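Take a look at the structure set out below.
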Amino acid sequence: MMAQFVLFIKGPMVWIAFGVFFGGLVVQAWRFISVTRKKDPDYLPGAPKKKKNKKKKTKKTLGKAVAKPKRKGIMERLQPLIRFADKSYDNLENSMFFTHPVVAVVSVIFHVFLFVTPIFLLAHNELFRKAFGFSLPGLSDRTTDMLTIIFLMCGAFFLFRRIFTKRVRAITTLYDYLVLLVTLTPFITGFLAFRQWGDYQTVMIVHIVSGELMLIFIPFSKLGHMIYFFLYRLLIGSEYSFGQGKRAW
Amino acid sequence: MSTPVNRDQIKRMLKARKSRMKRYLSHCMHCGVCAESCFLYMKNDKDPQYLPSYKVLNSLGKLYKKGGRVDRAFLLKIKPIVWKNCVLCRRCYCPVGVDVPAMIAFARSICRSQGVYPEETQSWL
Amino acid sequence: MIVGERKPLEEIAKMMQAYRKVLNIGCGGCTSMCLAGGQKEVSQLNRDLENHFQDQGGDIRIHELTIERQCNAEFFADLDEIIANYDAVLSMACGAGVQFVADRYPHKPVFPSLNTTFVGIDRDVGWYEENCRTCGDCVLGDTAGICPVTRCAKSLFNGPCGGTRADGTCEVDPDTPCAWYEIHKRLKGQDRLDLIMKVRPAREWVNQTRRSVIQEPYKERYTK
Amino acid sequence: MKSGGNLEAVLKAGHFAITGELGPPRGTNVEVVMKKAQPLKGMVDAVNITDNQTAVVRMSSWATSLLVMKEGLEPNYQMVCRDRNRLAMQADILGACAHKIPNMLCLSGDHQKFGDHPKSRGVFDIDSIQLIAMVKKMRDEGKFLGGEDIDVPPKIFIGAAANPFGEPLEWRVHRLAKKVAAGADFIQTQCIYNMKIFKQWIDQANDMGLTEKVYVLAGVTPFKSLGMARYMQKNVPGMDVPNHMIKRLKGVLKKQVASEGIKIACEQIEEFKEMQGVAGIHLMAIEWEHKVPQIVEQAKMLPRPQVPQEPQEPQEPQEPQEPQEAGE
Chain A
612 MMAQFVLFIK GPMVWIAFGV FFGGLVVQAW RFISVTRKKD PDYLPGAPKK
662 KKNKKKKTKK TLGKAVAKPK RKGIMERLQP LIRFADKSYD NLENSMFFTH
712 PVVAVVSVIF HVFLFVTPIF LLAHNELFRK AFGFSLPGLS DRTTDMLTII
762 FLMCGAFFLF RRIFTKRVRA ITTLYDYLVL LVTLTPFITG FLAFRQWGDY
812 QTVMIVHIVS GELMLIFIPF SKLGHMIYFF LYRLLIGSEY SFGQGKRAW
Chain B
664 MSTPVNRDQI KRMLKARKSR MKRYLSHCMH CGVCAESCFL YMKNDKDPQY
714 LPSYKVLNSL GKLYKKGGRV DRAFLLKIKP IVWKNCVLCR RCYCPVGVDV
764 PAMIAFARSI CRSQGVYPEE TQSWL
Chain C
12 MIVGERKPLE EIAKMMQAYR KVLNIGCGGC TSMCLAGGQK EVSQLNRDLE
62 NHFQDQGGDI RIHELTIERQ CNAEFFADLD EIIANYDAVL SMACGAGVQF
112 VADRYPHKPV FPSLNTTFVG IDRDVGWYEE NCRTCGDCVL GDTAGICPVT
162 RCAKSLFNGP CGGTRADGTC EVDPDTPCAW YEIHKRLKGQ DRLDLIMKVR
212 PAREWVNQTR RSVIQEPYKE RYTK
Chain D
1280 MKSGGNLEAV LKAGHFAITG ELGPPRGTNV EVVMKKAQPL KGMVDAVNIT
1330 DNQTAVVRMS SWATSLLVMK EGLEPNYQMV CRDRNRLAMQ ADILGACAHK
1380 IPNMLCLSGD HQKFGDHPKS RGVFDIDSIQ LIAMVKKMRD EGKFLGGEDI
1430 DVPPKIFIGA AANPFGEPLE WRVHRLAKKV AAGADFIQTQ CIYNMKIFKQ
1480 WIDQANDMGL TEKVYVLAGV TPFKSLGMAR YMQKNVPGMD VPNHMIKRLK
1530 GVLKKQVASE GIKIACEQIE EFKEMQGVAG IHLMAIEWEH KVPQIVEQAK
1580 MLPRPQVPQE PQEPQEPQEP QEPQEAGE
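Protein chains in written order, with the numbering used here: chain A, 612 to 860; chain B, 664 to 788; chain C, 12 to 235; chain D, 1280 to 1607.
This is the structure in structure tokens:
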């Protein structure tokens, strides 16, 4: 019985988890598109569409502000990003990196390591090679171990922030702790498994199950910000968008 | 005031905007990063009550949580949140793109539909 | 804030008389703040109109809806849903809001129920004063924060005309202080009179054609 | 008679009238005015004196009108709404009439941004149609716009402009109707090149009975060069230059373009003479005043008719009479 369960979570369940993960991301992206709309060049989204005579196309509503719906090349599209980087020092002063340097740095490390650690873990890559016949370059065990420890420290930071920062506590619910738990469990168990602390078999099962649960969880929970963040920044017209902001809520 | 609220109307309104508003609510990471972008938060000694996410979670968030089954007392409770604690300046920053002002505006619409809105100038200021 | 006043009821009623189903839209922005076109004033106007048409005999139904702001597409969703049910729209926003509504629904007759009066400040509850004419080229730095374009009846730029009264009020209206009298008094108190001793040359009027503003960080996004 | 002027008399007598145009100098150089006025003498029934045309500062229209009158030409005093409010306008009208300026053309005026003081404050206290109504009220009711009585009201023949070519085309004739309703006595149109559209417009005006109430003078501007034609086609708003005219100018030798331009203008004039509802032409030979005699001659509009004036006031000075002998 137990053996069958282990087989299941090591086999089909992995595929299901990944299937749900990628499928879910696509679904979320599609839903994102469906709740946003293309900005009308006249900025009159509710207005009935007039048959537009290309020749007589007048720029009325916003004057020069609506001129030039010109097609842009890839480099031109990237211009705002490049400029963003150029001016980033000015921008930084108003950004999280200055107002909350610790939160900002910890967030970046947390999110980067969240991906880097499992993807470049040697053991994972071994499994990957078994399944597909090739693998990504792996980081050494020592390195990933360090990354895990740092990652867990960042997680602990978020946990403490939830508990002890007044304004974050004001908006914290049980769900937030659950999300944090779901994110941290695979790392904690992985860390334990690597050290062979505790009952290896149990730890491994928890590790695999929690990892799979996380994958399934991502698209359909708050963790969906994984894809949402990029869609928002690149598509929606706002003060903080990286792109041209051609869409609106 | 004791006049009952029209729950059906509130439910209809909630349902009409569900797809967007639910997404916002479910994607709010409760991270509190929006705090500094709110001038009201800054000017009120960083009182968490003025945190943009606090404002939406405790107005529209609760409306959805309760599925519209609210009474007038509830609407009167969120009235200061959506009117006094937010001026809809649309400057709030959210790292994952939650449109806070849209949600506050929607909460205001729902309150308005039940006759809950500021009538005295003093209450604005 | 933009300050407005309700038009006379007869004028509004006259605009409405050709229509059967009218939607009166309030604005939760400036005109709410100045107690001219918020939800309360919308209800009041509707009551007044209904009474008016009851007395005059007329079949009209006027509904109400107040949206947060009529100058921003963001807040129009409620309106979009129901606009089709009405023959005409009455807007209690400022002139900018009325135009935005009319632009958004080009097939609906849209009418103003306010006279947009000025850009001003709250003197007290229900009492407002004009402080800016949005001339687009601010001189307040040289005039002690008192706008000569707005607060001088002649919009003089080089000091008071000969008509200032003995008590420092304007010749046009004895209840209005002479702007230049005030400017002089304040600058003297700050020991900055040199600012208004030089001849200020003819200014460049920029509010002659419709203006639009694109803030610097957005120049790239909207223009090329 | 509304004004006792020559233009009114010519039109009233049913002659095919011609008015010219003269731009005042950018300075106090009276010589320039005289030089420009000289060739117009005896060629036109009245001459428009522009008022800060294209929003560029020039000698004022009424002052130049007086100079032109001394030369024996009848002026058509132009007034735009851009530069003065209703007080200044009424004051100037009184002054002009005191000096026996008999005609006046009421215009909105080009926007100041096109001129040499682009950041000046445009007045536009009243618009051109309100100006027409105001002048009519002054003349016919003897009252200022504010309602007070005028001590000896002005006598003036009120002119207005019309552009049959601006969008929305279908509305243009109704705008003419408004000007007629406001009290215009004569209309001078924008330069006409697209005869087809003009014909439609004048036919509409005929159908609406407008041309019975107002004299329409068709605007004619001969092309001086191919460049000018192209510029007008592309850059002048409300100007409709058909391609076939450009082609025709292209078809002749460079030296002959000017005379071809005049030829085109004369052909147009011939058409206008035959056209019902057109009472004359307004010849805008821009900075080409010396060519006017040639054009008028070639258009077979000479000699200009001499219409006996109804006696006005006894002290009336010699009105700008045509030096020509004999009528038609």
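Glycine residues also receive a C-beta, built at the ideal position from the N, C-alpha and C atoms.
Quick caveat: nothing in here was measured; it's all calculated off a predicted structure.
Asked: Could you tell me which chain D residues have their CB closer than 9 angstroms to the CB of Thr-220 of chain C, listed as they occur along the chain?; Found: His-1390, Lys-1392
Asked: Are there 16 or more other CB atoms within 10 angstroms of the CB of Ser-852 of chain A, so buried, or fewer, so exposed?; Found: buried
Asked: If you measure beta-carbon to beta-carbon, which residues of the stretch 76-106 of chain C are closer than 9 angstroms to chain B?; Found: Leu-76, Thr-77, Ile-78, Glu-79, Arg-80, Asn-83, Glu-85, Phe-86, Ala-88, Asp-89, Glu-92
Asked: Helix, strand or coil for Ile-1543 of chain D, going by three-state DSSP, please let me know.; Found: helix
Asked: According to the neighbour-count rule (16 or more other Cβ atoms, all chains shown, within 10 Å of its Cβ), is Asp-1362 of chain D buried or exposed?; Found: buried
Asked: Please return the same chain residues whose Cβ sits closer than 6 angstroms to the Cβ of Glu-79 of chain C, not counting the five positions on each side in sequence.; Found: Gly-39, Phe-86
Asked: Could you tell me whether any Cβ in chain D is nearer than 7 angstroms to the Cβ of Glu-215 of chain C?; Found: yes
Asked: Any chance the stretch 80-99 of chain C sits against the stretch 145-156 of chain C, with 3 or more Cβ pairs inside 8 angstroms?; Found: no
Asked: Does the distance from the CB of Trp-191 of chain C to the CB of Lys-1398 of chain D come in under 7 angstroms?; Found: no
Asked: Could you check whether the stretch 98-114 of chain C touches the stretch 28-45 of chain C, counting it as contact only if at least three pairs of C-beta atoms, one from each stretch, sit closer than 8 angstroms?; Found: yes
Asked: Using 10 angstroms around the beta-carbon of Val-814 of chain A, count the other beta-carbons present and answer buried if the total reaches 16, otherwise exposed.; Found: buried
Asked: Which residues mark the beginning and the end of the alpha helix (DSSP H) in which Arg-197 of chain C is found?; Found: 190-200
Asked: Is Ala-859 of chain A close to chain B, meaning its C-beta is less than 7 angstroms from at least one C-beta of that chain?; Found: no
Asked: Compare the C-alpha of Ala-1537 of chain D against each of D:Gln-1555, D:Val-1520, D:Ala-1508 and name the closest.; Found: D:Ala-1508
Asked: Can you list, in chain order, the residues of its chain with a C-beta nearer than 6 angstroms to that of Val-696 of chain B? Leave out the 5 residues immediately preceding and following it.; Found: Pro-758
Asked: Using a cut-off of 7 angstroms between C-beta atoms, extract the partners of Glu-699 of chain B located in chain E.; Found: Of the protein chains in the structure, A, B, C and D, none is chain E.
Asked: Verify the CB distance criterion: does Met-692 of chain B have a CB-CB separation below 7 angstroms to chain A?; Found: yes
Asked: At the level of alpha carbons, what is the spacing between His-1390 of chain D and Thr-1333 of chain D?; Found: 8 angstroms
Asked: Return the chain-ordered list of same chain residues with a C-beta closer than 8 angstroms to the C-beta of Pro-667 of chain B, the five sequence neighbours on each side being excluded.; Found: Asp-734, Arg-735
Asked: Can you tell me the Cβ-Cβ gap for Leu-751 of chain B and Ala-768 of chain B, rounded? I've got them flagged as a contact below 8 angstroms.; Found: 6 angstroms
Asked: Across which residues does DSSP place Arg-16 of chain C in a beta bridge pair?; Found: First, the residue type needs correcting, since residue 16 of chain C is Glu and not Arg in the sequence shown. BP columns for Glu-16 of chain C point to C:Asn-126.
Asked: According to DSSP, is Glu-1353 of chain D part of a helix, a strand, or is it coil?; Found: coil
Asked: Taking 7 angstroms as the CB-CB limit, is Ile-847 of chain A close to chain B?; Found: yes
Asked: Compare the C-alpha of Ala-1288 of chain D against each of D:Asp-1464, D:Val-1499, D:Met-1348 and name the closest.; Found: D:Asp-1464
Asked: In terms of alpha-carbon separation, which member of C:Gly-48, C:Asn-62, C:Glu-52, C:Leu-56 lies closest to Val-109 of chain C?; Found: C:Gly-48
Asked: Under the DSSP definition of a beta bridge, which residues are partnered with Met-1498 of chain D?; Found: First, the residue type needs correcting, since residue 1498 of chain D is Gly and not Met in the sequence shown. Beta-bridge pairing links Gly-1498 of chain D to D:Cys-1470, D:His-1561.
Asked: I want to see whether chain A comes within less than 7 angstroms of Asp-762 of chain B, judged by CB atoms only; does it?; Found: yes
Asked: Taking C-beta pairs closer than 7 angstroms, name the residues in chain C that Tyr-780 of chain B reaches, listed in chain order.; Found: Gln-50
Asked: Counting contacts by CB-CB distance shorter than 7 angstroms, is Ser-776 of chain B in contact with chain A?; Found: no
Asked: Lys-621 of chain A CB to nearest chain B CB: under 7 angstroms?; Found: no
Asked: List the residues of chain B whose Cβ lies closer than 9 angstroms to the Cβ of Ala-640 of chain A, in chain order.; Found: Under the 9 angstroms cutoff, chain B gives no residues; its nearest Cβ is about 12 angstroms from Ala-640 of chain A.
Asked: Below 8 angstroms on the Cβ atoms is my contact criterion, and I expect Val-1520 of chain D with Gln-1512 of chain D to pass it. Report the Cβ-Cβ distance as a whole number of Å.; Found: 4 angstroms
Asked: Closer than 9 angstroms, Cβ to any Cβ of chain B: which residues of the stretch 775-790 of chain A, in chain order?; Found: Thr-776, Lys-777, Arg-778, Val-779, Arg-780, Ala-781, Ile-782, Thr-783, Thr-784, Tyr-786, Asp-787, Val-790
Asked: Quick check on the DSSP output: what are the complete beta strand (DSSP E) runs of length 3 or more inside the stretch 18-67 of chain C, in order along the chain?; Found: 32-38
Asked: Mind listing the chain A neighbours of Gly-731 of chain B? Cutoff is C-beta to C-beta under 8 angstroms, in chain order.; Found: Ordered by position in chain A, no residue passes the 8 angstroms Cβ test against Gly-731 of chain B, which lies about 20 angstroms from the chain.
Asked: Would you say Gly-1388 of chain D and Cys-1360 of chain D are within 7 angstroms of each other, going by their C-beta atoms?; Found: yes
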